[in-house]
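**Student:** Here the sequence shown is numbered in my numbering, starting from 2 and rising by one per residue.
Just so you know, even glycine gets a beta-carbon here, dropped at the ideal spot from N, CA and C.
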Amino acid sequence: MKINSTAQLQSNAQLNWTPRDLDIFLVLAETGSFRRTAAQVHLSQSAVSGVIVRLEEALVTRLFDRTTRSVHLTEAGQVFVEQAKLLSAQTLEAVQRVQHITQIQSGKVSLAALPSLAATLVPRVMARFAAQYPQIALQLHDTLSGPAFDMVRSGTVDLALTAANPDYPDLDYTPLSADGFVLIMPLGHRLAKAQSPLSWLTVAELTHISMPLPASVRQYANAAFISHSIAFQPRYEVEHIATIHAMVKAGLGVAALPELAAAFVQQGGVVSRRLTGPDIQRPIGVVTRRHRSLSPAAEEMVRMLRQETTALLR
């Protein structure tokens, strides 16, 4: 049999065999019999012979010496046995790894979330997820809205749980729910006795504690006061919700927060009242890269986030 060029050999070898062909070759190498091989792989002897011929044509060499009574590996065939075993093992491993991913048995889910969500909603979902899928590694980044979008864009995280942001039209945003705003205040505050909602106009002159721009909490509070032609100028600006809670509890002021953020600080010493006029709703959704599919594990995380968000805000 004539040996062709290396390029032709590589091209043919890549195109003309399948994992099934390799399995048949290995069975024949073990049995040394076309009849026994055909019975074992549930094919006719002519079909088995056709597979071997196809392999030999792809490799441009004879793999077996054949007589009327016996089949023996050539030197090239002996070399190919070892490589075929390796390829078969690699194929099996590849299939198993894909199955583990699709069946959520392995992998990683990395997500970013607003601090208010990372301190309330997300840990509950992560705990459920970890209990159900303990083989999946989880990673959480608590960050502001802008950096969360950037992390999705760069591929640092699979998804982000955050408020909508029109400045990122190249990313996909899937709404999950929306939470309204409440005012948290010290227990002894004069407005704490009221059971009815408070208007943004009523609380405009109070001493406010808020997050700095570009935090979504601040953006929505700004919008609420602008609707009354008032420029929102909080006395204190801090980045962490726990700090806001501590300052409100200490009597340094009040704070307008989304419901989920307020739920985090309802630890005693403060009360909350719904804010209306306008009824500001902060949309909460999942941000993902456009035209990029989520892994099955990440899809399951989104499903759980939707469930938990709906349960908390209904």
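What's the C-alpha gap between residue 19 and residue 293?
**Tutor:** Against the sequence shown, residue 19 aligns to sequence position 18. Against the sequence shown, residue 293 aligns to sequence position 292. Distance between the alpha carbons of residue 19 and residue 293: 30 Å.
**Student:** Only counting the same chain, and skipping five residues up and downstream in sequence, which positions put a Cβ closer than 7 Å to that of residue 277?
**Tutor:** On the sequence shown, position 276 is the one that residue 277 refers to. Taken in chain order, the residues that qualify are 198 and 200.
**Student:** Unbroken alpha helix (DSSP H) runs of length 4 or more, entirely within the segment 184 to 247: which are they?
**Tutor:** For the segment 184 to 247, whole alpha helix (DSSP H) runs of length 4 or above, ordered along the chain, are 217 to 227.
**Student:** If you reduce the DSSP assignment to three classes, tell me which class residue 158 lands in.
**Tutor:** Within the sequence shown, numbered from 1, the residue matching residue 158 stands at position 157. It is coil, neither helix nor strand.
**Student:** For residue 217, tell me which candidate among 182, 236 and 230 has the shortest Cα-Cα distance.
**Tutor:** On the sequence shown, position 216 is the one that residue 217 refers to. Of the candidates 182, 236 and 230, the one whose C-alpha sits nearest the C-alpha of residue 217 is 182.
**Student:** Using the C-alpha atoms, what's the distance from residue 82 back to residue 123?
**Tutor:** Mapped onto the sequence shown, residue 123 falls at position 122. Mapped onto the sequence shown, residue 82 falls at position 81. Near 52 Å, if we compare the C-alpha coordinates of residue 82 and residue 123.
**Student:** Could you check where the beta strand (DSSP E) with residue 285 kicks off and where it finishes?
**Tutor:** Counting from one through the sequence shown, the residue named residue 285 turns up at place 284. Where residue 285 is concerned, the enclosing beta strand (DSSP E) stretches over 282 to 290.
**Student:** Would you decide whether residue 287 is buried or exposed? Buried here means 16 or more other CB atoms lie within 10 Å of its CB.
**Tutor:** Here residue 287 refers to the residue found at position 286 when the sequence shown is read from its first residue. Residue 287 should be labelled buried.
**Student:** Below 8 Å on the Cβ atoms is my contact criterion, and I expect residue 64 with residue 77 to pass it. Report the Cβ-Cβ distance as a whole number of Å.
**Tutor:** Here residue 64 refers to the residue found at position 63 when the sequence shown is read from its first residue. Here residue 77 refers to the residue found at position 76 when the sequence shown is read from its first residue. About 6 Å; that satisfies the 8 Å criterion.
**Student:** Can you check whether the CB of residue 163 is closer than 8 Å to the CB of residue 149?
**Tutor:** The sequence position of residue 149 within the sequence shown is 148, counting from 1. The sequence position of residue 163 within the sequence shown is 162, counting from 1. Yes, Cβ-Cβ distance for residue 149 and residue 163 is below 8 Å.
**Student:** Are any of the Cβ atoms in chain D nearer than 8 Å to that of residue 261?
**Tutor:** Of the protein chains in this structure there is only one, and it is not chain D.
**Student:** Report buried or exposed for residue 3, applying the criterion of at least 16 other Cβ atoms within 10 angstroms of its Cβ.
**Tutor:** Translated into positions along the sequence shown, residue 3 becomes position 2. Model confidence at residue 3 stands at a pLDDT of 44, short of 50, so the residue's coordinates are unreliable; what they give is reported in the following sentence. By the neighbour-count rule (16 or more Cβ atoms within 10 Å), residue 3 is not buried but exposed.
**Student:** If you draw a straight line from the alpha carbon of residue 253 to that of residue 116, how long is it in whole angstroms?
**Tutor:** As a first step, residue 253 is located in the sequence shown; it is residue number 252 there, counting from the start. As a first step, residue 116 is located in the sequence shown; it is residue number 115 there, counting from the start. Distance between the alpha carbons of residue 253 and residue 116 is about 22 Å.
**Student:** Is there contact here, the segment 55 to 64 with the segment 18 to 32, by at least three beta-carbon pairs under 8 Å?
**Tutor:** Segments in contact, yes.
**Student:** Helix, strand or coil: which one does DSSP assign to residue 67?
**Tutor:** Counted from its first residue, the sequence shown places residue 67 at position 66. In the structure shown, residue 67 sits in a strand (DSSP, three-state: E or B).
**Student:** So, helix, strand or coil for residue 124, using DSSP?
**Tutor:** Start at 1 with the first residue of the sequence shown, and residue 124 comes out as number 123. In the structure shown, residue 124 sits in a helix (DSSP, three-state: H, G or I).
**Student:** How close, in whole Å, do the beta carbons of residue 279 and residue 230 come, if the pair is a contact with beta carbons under 8 Å?
**Tutor:** Looking up residue 279 in the sequence shown gives position 278. Looking up residue 230 in the sequence shown gives position 229. About 13 Å; that fails the 8 Å criterion.
**Student:** What separation, rounded to the nearest whole angstrom, lies between the Cα atoms of residue 45 and residue 297?
**Tutor:** Residue 45 sits at position 44 when you count from the first residue of the sequence shown. Residue 297 sits at position 296 when you count from the first residue of the sequence shown. Using only the alpha carbons, I get a separation of about 41 Å.
**Student:** Roughly how many angstroms lie between the CA atoms of residue 305 and residue 291, to the nearest whole one?
**Tutor:** Taking the sequence shown and counting its residues from 1, the one referred to as residue 305 is at position 304. Taking the sequence shown and counting its residues from 1, the one referred to as residue 291 is at position 290. So the alpha carbons of these two residues sit roughly 21 Å apart.
**Student:** Classify residue 260: buried if its beta carbon has 16 or more other beta carbons within 10 angstroms, exposed otherwise.
**Tutor:** Working through the sequence shown from its first residue, we reach residue 260 at position 259. Classification for residue 260: buried.
**Student:** Ordered along the chain, which non-local residues of its own chain (more than five positions away) have a Cβ less than 6 Å from that of residue 52?
**Tutor:** Translated into the one-based positions of the sequence shown, residue 52 becomes position 51. So the list reads 22 and 25, once near-sequence residues are dropped.
**Student:** Alpha carbon to alpha carbon, how far is residue 6 from residue 79?
**Tutor:** As a first step, residue 6 is located in the sequence shown; it is residue number 5 there, counting from the start. As a first step, residue 79 is located in the sequence shown; it is residue number 78 there, counting from the start. Reliability of the predicted coordinates at residue 6 is poor, the pLDDT of 43 falling under 50, and no value is obtained from them.
**Student:** Between 191, 302 and 309, which has its C-alpha nearest residue 274's C-alpha?
**Tutor:** As a first step, residue 274 is located in the sequence shown; it is residue number 273 there, counting from the start. Checked all of 191, 302 and 309; the closest Cα to residue 274 is 191.
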